[in-house]
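Undergrad: Dumping the structure here so I can ask a few things about it.
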Amino acid sequence: MTHDDASRRAPGRGGKISLVVPVYNEGKGLCALRDSVVAVMDGLPYDWDCLFVDDGSRDGSWAVIESLADADPRFKGLMFSRNFGKEMALTAGVEASINADAVICLDADLQHPPEVIPELIAKWEEGYDIVATIREKVADYTLVKKIGSKGFYWFMRRFTDLDLPPNSTDFRLLDKKVVRTLAKFTEGSRMFRGIIDWMGYKKTYISFCAPARSQGEPAYSVKKLFNLAINSFTSFSLVPLRLTGYLGLGIMAVTLPLLVLMVLANWFIGANITPIAFFTVFNTLLIGVVLCALGMMSLYIGHIHTEVVNRPLYIVRCRAGNWDEQQ
Numbered sequence: 000m001t002h003d004d005a006s007r008r009a010p011g012r013g014g015k016i017s018l019v020v021p022v023y024n025e026g027k028g029l030c031a032l033r034d035s036v037v038a039v040m041d042g043l044p045y046d047w048d049c050l051f052v053d054d055g056s057r058d059g060s061w062a063v064i065e066s067l068a069d070a071d072p073r074f075k076g077l078m079f080s081r082n083f084g085k086e087m088a089l090t091a092g093v094e095a096s097i098n099a100d101a102v103i104c105l106d107a108d109l110q111h112p113p114e115v116i117p118e119l120i121a122k123w124e125e126g127y128d129i130v131a132t133i134r135e136k137v138a139d140y141t142l143v144k145k146i147g148s149k150g151f152y153w154f155m156r157r158f159t160d161l162d163l164p165p166n167s168t169d170f171r172l173l174d175k176k177v178v179r180t181l182a183k184f185t186e187g188s189r190m191f192r193g194i195i196d197w198m199g200y201k202k203t204y205i206s207f208c209a210p211a212r213s214q215g216e217p218a219y220s221v222k223k224l225f226n227l228a229i230n231s232f233t234s235f236s237l238v239p240l241r242l243t244g245y246l247g248l249g250i251m252a253v254t255l256p257l258l259v260l261m262v263l264a265n266w267f268i269g270a271n272i273t274p275i276a277f278f279t280v281f282n283t284l285l286i287g288v289v290l291c292a293l294g295m296m297s298l299y300i301g302h303i304h305t306e307v308v309n310r311p312l313y314i315v316r317c318r319a320g321n322w323d324e325q326q
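For the sequence shown, numbering that gives the first Met the number 0 begins at 0 and goes up steadily by one.
Now the structure itself:
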């Protein structure tokens, strides 16, 4: 650890920790989260603040955020103009906290227990730039989500250049150098934790057990999780395009000998295979190849379109709480 790092991370020397909490219809649980955060953070030798990013909630979450910000200046909020998704909420919160010495991202439903934060900070003080978490178990995970999670991490580790440990989460601490690097990324289709892991830096993991949700229903439905998995896979891997090419070669390797065999059977043993049979076998296989190729290409063309259009990643409608002028 350099002298500058040691000075920056030493307790009681003016360091600042910012917490970033994406919020989507979590209004009923925000007061409980506030109490838990205050109990933990007030016991640490750091200045701190907590930023709620309201991702287009429809349950009155913003009114709760405003009341929390009015009652305690360490809490503040950003309100999106609509629902942009958790990945963008995390991005906006981290970018808004760029002046902090470290940023900690956690969910609003208390499944990322604030009690783990001192462990994250302790590892950061040891010199790690990224301190990520691995969820050992979740109290209310369904069988579908368990199977989907295992499949997702298997595919990501096997077919991309990311080393994502199974059950890793967005609950993580980022040093300010990581935050400043993240601000340079402009891609619209993003997996937040994938980008963080792609950066490199000095990283470590700690494990925790996730309790059941404190309030409400999960913001991520199976459909949203599936879309996130597809976007993550196509953002970090060219394997689908390669597989399409391999599939075409494989089908040609099977189809050509089959057609030759059908011709020989007709000529030498009188199998009486009709021309329509030849056409059906060949045409069906070619249609499969074309459809697979078009499906994979459309995913990547969609990503290219998103990046070329270059729309803002998110739009902030309003703010709550005490914001520095430079922010």
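In this text, a Cβ means the ideal position worked out from N, Cα and C, and glycines have one as well.
(1) On the premise that D174 lies in contact with A101, defined as a C-beta separation below 8 Å, what is that separation, rounded to the nearest angstrom?
(2) Ends of the alpha helix (DSSP H) at P117?
(3) Out of curiosity, what's the CA-to-CA distance linking M87 and V262?
(4) What's the gap between the Cα of G55 and the Cα of L29?
(5) Please state the DSSP three-state secondary structure of G92.
(6) Does P385 pass the burial test, meaning 16 or more other C-beta atoms within 10 Å, or should it be called exposed?
(7) Along the chain, where does the beta strand (DSSP E) that runs through M198 open and close?
(8) Leaving aside the five residues before and after L181 along the sequence, list all residues of the same chain whose C-beta is less than 8 Å from its C-beta, in chain order.
(9) So for L135, helix, strand or coil by DSSP?
(10) Mind checking who T185 pairs with in its DSSP beta bridge?
(11) Spatial neighbours of I16 within its chain, please: CB distance less than 6 Å, with the 5 preceding and 5 following residues excluded, ordered by chain position.
(12) Which one or two residues does DSSP pair with A101 in a beta bridge?
(13) Would you list the residues sitting across from K202 in a DSSP beta bridge?
(14) Measuring straight from C-alpha to C-alpha, what distance separates W322 and K75?
(15) Using only the alpha-carbon positions, how far apart do S96 and Y313 sit?
(16) Considering only residues of the same chain and omitting the five flanking positions on each side of S80, which have a CB-CB separation below 7 Å?
(17) Identify the residues that DSSP records as bridge partners of K75: which are they?
(18) Pick out whichever of L260, G26, M40 and H111 has its Cα sitting closest to the Cα of D169.
(19) Compute the distance between the beta-carbons of L105 and V20, then report whether it is under 8 Å.
(20) Measuring straight from C-alpha to C-alpha, what distance separates D139 and C208?
(21) Is DSSP giving W322 helix, strand or coil here?
(22) Which of the three DSSP states is assigned to P21 in this structure?
(23) On the DSSP letters alone, give me the boundaries of the alpha helix (DSSP H) that I64 sits inside.
(24) With DSSP run on the structure shown, which of helix, strand or coil describes D169?
(25) What are the start and end residues of the alpha helix (DSSP H) that includes S331?
(26) Please report the Cβ distance between Y200 and D128, rounded to the nearest whole angstrom; I am assuming they are in contact, meaning their Cβ atoms lie under 8 Å.
(27) Taking Cβ to Cβ, would you say E25 is nearer than 8 Å to A107?
(28) Check the DSSP bridge columns for F281 and list the partner residues they point to.
(29) Could you give the distance in angstroms between the alpha-carbon of D34 and the alpha-carbon of V289?
(30) What's the C-alpha gap between G14 and N166?
(31) Across which residues does DSSP place V315 in a beta bridge pair?
(32) Among E118, A264 and E65, which residue has its Cα nearest to the Cα of L77?
(33) Which value, in whole angstroms, describes the spacing of the CA atoms of A62 and F184?
(34) Does L260 pass the burial test, meaning 16 or more other C-beta atoms within 10 Å, or should it be called exposed?
TA: This is what the structure gives:
(1) 6 Å
(2) I116 to E124
(3) 58 Å
(4) 15 Å
(5) helix
(6) The structure shown does not extend to residue 385, since the chain is modelled only from 0 to 326, so the question has no answer here.
(7) Careful: M198 lies outside any beta strand (DSSP E), inside the alpha helix (DSSP H) at F191 to M198.
(8) T90, V93, E94, L173, I194, I195 and M198
(9) Reading the sequence as shown, one finds Glu at residue 135 and not Leu. E135 falls in the strand class under three-state DSSP.
(10) In the DSSP output, where bridge partners are listed per residue, T185 has none listed.
(11) Y45, W47 and A101
(12) I16 and D174
(13) I129
(14) 8 Å
(15) 16 Å
(16) I314 and R316
(17) L50
(18) H111
(19) yes
(20) Low per-residue confidence applies at D139: pLDDT is 49, beneath 50, and the placement is therefore not dependable enough to give any value.
(21) coil
(22) strand
(23) S60 to A70
(24) strand
(25) Nothing about residue 331 can be reported from this structure: the residues present for the chain run from 0 to 326 only.
(26) 4 Å
(27) yes
(28) According to DSSP, F281 bridges with nothing at all.
(29) 56 Å
(30) 30 Å
(31) F79
(32) E65
(33) 31 Å
(34) exposed
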